[in-house]
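J.:
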């Protein structure tokens, strides 16, 4: 082995390791902590977190995030009631794009939900199913539309399968 600095090669590595390893380890630890904090675990956490994330994705018109937070086939199969509020006849959605159009941009549901005050209430969790109380309050008429969003776990994350209106 050659001596580059006049020290035996193993001694050079020992000194180099002391200078690089410990500060490098600290930077690695900070990087990992920041990556975890900024990962934006969409659909993870509590059912209420999922509902909050849905409203945020709708506000940003983030169709990919909205789709990730919903069980689109389950929402499409609901033909008994309309979740847009103030509708007597339920709309029928024929494909996932129709639902995403409705919940983003100038969609009817987004427009109605965001014109009202949204109040989140209790969360009930029963195994892999949960219900989050969400009330929409019309600011002009003071009418409250009480809903329970239904969620279930899919691949260890909460997704919304129902926007059931309970009363108005």
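Residue numbers (my numbering): 7 to 174. For glycine and all other residues, C-beta sits at the position ideal for the given N, C-alpha and C.
Straight-line CA distance for residue 117 to residue 111?
T.: One C-alpha to the other measures close to 8 Å.
J.: Does the beta-carbon of residue 153 have 16 or more other beta-carbons within 10 angstroms, so that it is buried, or is it exposed?
T.: The residue is buried, with at least 16 neighbouring Cβ atoms inside 10 Å.
J.: Taking residue 175 as the reference, which of 158, 168, 63 has the closest Cα?
T.: No information on residue 175 is available, as it lies outside the stretch 7 to 174 that the chain covers here.
J.: Got a sec, what are the start and stop residues for the alpha helix (DSSP H) residue 64 sits in?
T.: Residues 53–66.
J.: Does the distance from the CB of residue 164 to the CB of residue 79 come in under 8 Å?
T.: For residue 164 and residue 79, no; Cβs fall outside 8 Å.
J.: With DSSP run on the structure shown, which of helix, strand or coil describes residue 163?
T.: Note: residue 163 maps to strand in three-state DSSP.
J.: Here's a check: name, in chain order, each residue in its chain whose Cβ is nearer than 7 Å to the Cβ of residue 106, leaving out the five neighbours to either side.
T.: Within the same chain, residue 106 has close Cβ partners 69, 72, 73.
J.: Can you find the residues in the same chain that come closer than 6 Å, C-beta to C-beta, to residue 113, ignoring five residues on each side of it along the sequence?
T.: These residues qualify, in order along the chain: 107.
J.: Measuring alpha carbon to alpha carbon, tell me which residue in 122, 157, 133 is nearest residue 142.
T.: Comparing Cα-Cα distances from residue 142 to each of 122, 157, 133, the minimum goes to 122.
J.: Cα separation between residue 186 and residue 161?
T.: For residue 186 there is no data in the structure shown, the boundaries of the chain being 7 and 174.
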